[in-house]
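Here's the structure, in structure tokens; my notes come after.
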Amino acid sequence: MDDPLTDIPKIIPIILGSNQKLLSDQTKYYHENIEYKSFTQYIPSNKDSLENFIALNRLNRVFIWNDKSRINDIWYNEESRKAVIEVSQSARRGIFFWVERRNRLFIKLDLTFGNDGKYIIRRQEEFIQPEDFVGTLIPVIAPTIITIQKIIISFIIIAFGRLLGLIGCT
């Protein structure tokens, strides 16, 4: 990449792992020692990490029946060479492939310079709410259960916080 702000929108299918030309594109835009983190997966930076990353995306792509994505916003800091992308993704995945679900995903990229002097991705982190993640696999039921669980946990924590306030803890 020459300019991350203009080039990232062009390669978002590669970043999301939904591009069919995975091998050539990922070896072009990713560092050979890529570190990858997501809600359910982690690939540490080592000599085999790019091959592992390609294999991971190859398997993940099997579960993508339809993947439409829209970039909502991109932030880039030239000094730290970090980019954050907010993506809305409509996906049909998993067992219930006929149900299309819209998710919001944040992707943090740490960039470095490759041998050719162009930017490449050295580290990629993906942030998604748990109910959005399981909602693409098991719609309606799983997101509802997770949301109820979050409400109950929040209620308990708020009650303890108020109790601590009553006894004078600040």
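Numbering that gives the first Met the number 0 numbers the first residue of the sequence shown as 0 and each following residue consecutively. The beta-carbon is built from N, C-alpha and C at its ideal position, and this holds for glycine as well.
If I'm right that R103 touches S87 with Cβ under 8 Å, what's the distance once you round it to whole angstroms?
Walking along the sequence shown from the start, residue 103 turns up at place 104. Walking along the sequence shown from the start, residue 87 turns up at place 88. Taking the Cβ atoms as the reference, R103 lies roughly 6 Å from S87, within the contact range of under 8 Å.
Roughly how many angstroms separate the alpha carbons of L4 and E124, rounded to a whole number?
Locating residue 4 in the sequence shown gives position 5, where the first residue counts as 1. Locating residue 124 in the sequence shown gives position 125, where the first residue counts as 1. Taking the CA atoms as reference points, L4 sits about 18 Å from E124.
Under 7 Å Cβ to Cβ from A82, same chain only, skipping five residues before and after it: list those, please.
Mapped onto the sequence shown, residue 82 falls at position 83. Only P3, I7, I73, W74, Y75, L108, L110 meet the Cβ criterion.
I'd like to confirm the pairing. Which residues does DSSP put opposite E124 in its beta bridges?
Stepping through the sequence shown from its first residue, residue 124 is reached at position 125. According to DSSP, which records beta bridges pairwise, E124 is partnered with K36, K107.
Around the C-beta of P43, are 16 or more other C-beta atoms found within 10 angstroms, so that it is buried, or is it exposed?
Against the sequence shown, residue 43 aligns to sequence position 44. Exposed is the call here.
Distance between beta carbons of L58 and Q40, contact taken as under 8 Å:
Here residue 40 refers to the residue found at position 41 of the sequence shown. Here residue 58 refers to the residue found at position 59 of the sequence shown. Incorrect: roughly 10 Å between the Cβ atoms, too far for contact.
Go ahead and pull the three-state DSSP assignment for N56.
For the purposes of this step, residue 56 is identified with residue 57 of the sequence shown, where counting begins at 1. N56 falls in the helix class under three-state DSSP.
Given a cut-off of 8 Å on the beta-carbon distance, is the pair F112 and Y118 in contact?
Taking the first residue of the sequence shown as 1, we reach residue 112 at position 113. Taking the first residue of the sequence shown as 1, we reach residue 118 at position 119. Closer than 8 Å, so yes.
Which word fits I84, buried or exposed, when buried means at least 16 other C-beta atoms lie within 10 angstroms of its C-beta?
On the sequence shown, position 85 is the one that residue 84 refers to. The residue is buried, with at least 16 neighbouring Cβ atoms inside 10 Å.
Using DSSP with H/G/I as helix, E/B as strand and the rest coil, what is I157?
In the sequence shown, the residue the question calls residue 157 occupies position 158. I157: helix per DSSP, three-state reduction.
Status (buried if at least 16 other CB within 10 Å, exposed otherwise) for Q148:
Residue numbering aside, residue 148 sits at position 149 when the sequence shown is read from its first letter. Q148 sits exposed, since fewer than 16 C-beta atoms from the chains shown fall within 10 Å of its C-beta.
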